[in-house]
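Chains as they are written, first to last, in my numbering: chain A, 1138 to 1249; chain B, 29 to 146. In this text, a Cβ means the ideal position worked out from N, Cα and C, and glycines have one as well. Read through the structure below, which is laid out as structure tokens, and then see the notes.
Given below as structure tokens:
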């Protein structure tokens, strides 16, 4: 069974600092990995999707890396802003049945 | 496009009652799924569908039924509500269906239904 872990569960940083969010998974047989953002009381919004053959994806201030062999992904958010405050979840698509397994998320607070 | 819509946004049920959570998408997506989100546990897959007339179970299907009569709609039915079904329910959809009937594309989520069972 695929286990996805996100540590820490919560993070508070001052505005302008770079954010580093971690995601680890136990089974390296994945098809892709996605990072989502969730605002309080809202649904999930996809931020980045990395195919298993890729090492990283970038979108604006966001950069996500993937090391499949070690079972890790990292989401970097450059020059954080208060508007980046949200919960960030990672999810892996398993190769055997293509179902998504989610981590519990990291809740980020960016202080102005 | 409205994207993925869910109704109702909030619902309170008594134990034993039944109800249907509605989900609709207007993006012509083949793959639709239902998740529940509980504190500290992430999202868990309840049921999913790879197209009209085709559904399958996810990780936590007990107590829930689904059907997919059209591409647009994917309702989730609670047969006899229990306090353990208190949760936030999300519907998601995506475009791609690869060989074997599974979707691996970016998923679009609805805003969720917050359900409390007393």
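Query raised in the report: According to the neighbour-count rule (16 or more other Cβ atoms, all chains shown, within 10 Å of its Cβ), is residue 1242/A buried or exposed?
Result: Per the 10 Å Cβ criterion, buried.
Report task. Could you tell me the distance, in whole angstroms, from the CA atom of residue 42/B to the CA atom of residue 145/B? Result -> Roughly 5 Å separates the two Cα atoms.
Query raised in the report: Which value, in whole angstroms, describes the spacing of the CA atoms of residue 1213/A and residue 108/B?
Result: Their backbone Cα atoms lie some 44 Å apart in a straight line.
Report task. Name the one or two DSSP bridge partners that residue 84/B has. Result -> Residue 84/B is bridged to 76/B.
Query - residue 69/B at chain D interface by Cβ criterion, 8 Å - result: The chain inventory of the structure shown lacks chain D, comprising the protein chains A and B.
Query - the region 136-143 of chain B / the region 1164-1184 of chain A touching (three or more Cβ pairs under 8 Å) - result: Segment contact: the region 136-143 of chain B against the region 1164-1184 of chain A, three or more CB-CB distances shorter than 8 Å; contact assigned.
Requested in this report: Go to residue 54/B, then tell me how far its beta strand (DSSP E) extends in each direction, as first and last residue.
Outcome: Per DSSP, residue 54/B lies in no beta strand (DSSP E) and is assigned neither H nor E.
**Report entry** Start and end residues, beta strand (DSSP E) containing residue 1204/A
**Finding:** Note, residue 1204/A: beta strand (DSSP E), 1199-1204.
**Report entry** Residues of its chain near residue 1160/A, where Cβ-Cβ distance is below 6 Å and the 5 sequence neighbours each way are ignored
**Finding:** Excluding residues within five positions, the ones whose Cβ falls inside 6 Å are 1143, 1210, 1227, 1240.
Report task. Reducing DSSP to helix, strand and coil, say where residue 128/B ends up. Result -> Caution is warranted here: a pLDDT of 49 is assigned to residue 128/B, below 50, making its placement in the model unreliable, and the coordinate value is therefore given only provisionally. It is coil, neither helix nor strand.
Query - Cβ-Cβ distance between residue 60/B and residue 119/B below 8 Å - result: With respect to residue 119/B, residue 60/B sits close: the two C-beta atoms are nearer than 8 Å.
Query raised in the report: Does the distance from the CB of residue 1244/A to the CB of residue 1166/A come in under 8 Å?
Result: Taking the C-beta atoms as reference points, residue 1166/A is found no nearer than 8 Å to residue 1244/A.
Report task. Put residue 1242/A into one of helix, strand or coil per three-state DSSP. Result -> DSSP places residue 1242/A in coil when its eight states are reduced to three.
**Report entry** 8 Å Cβ cutoff, residue 1205/A in contact with chain B
**Finding:** Contacts with chain B at 8 Å (Cβ-Cβ) do not include residue 1205/A.
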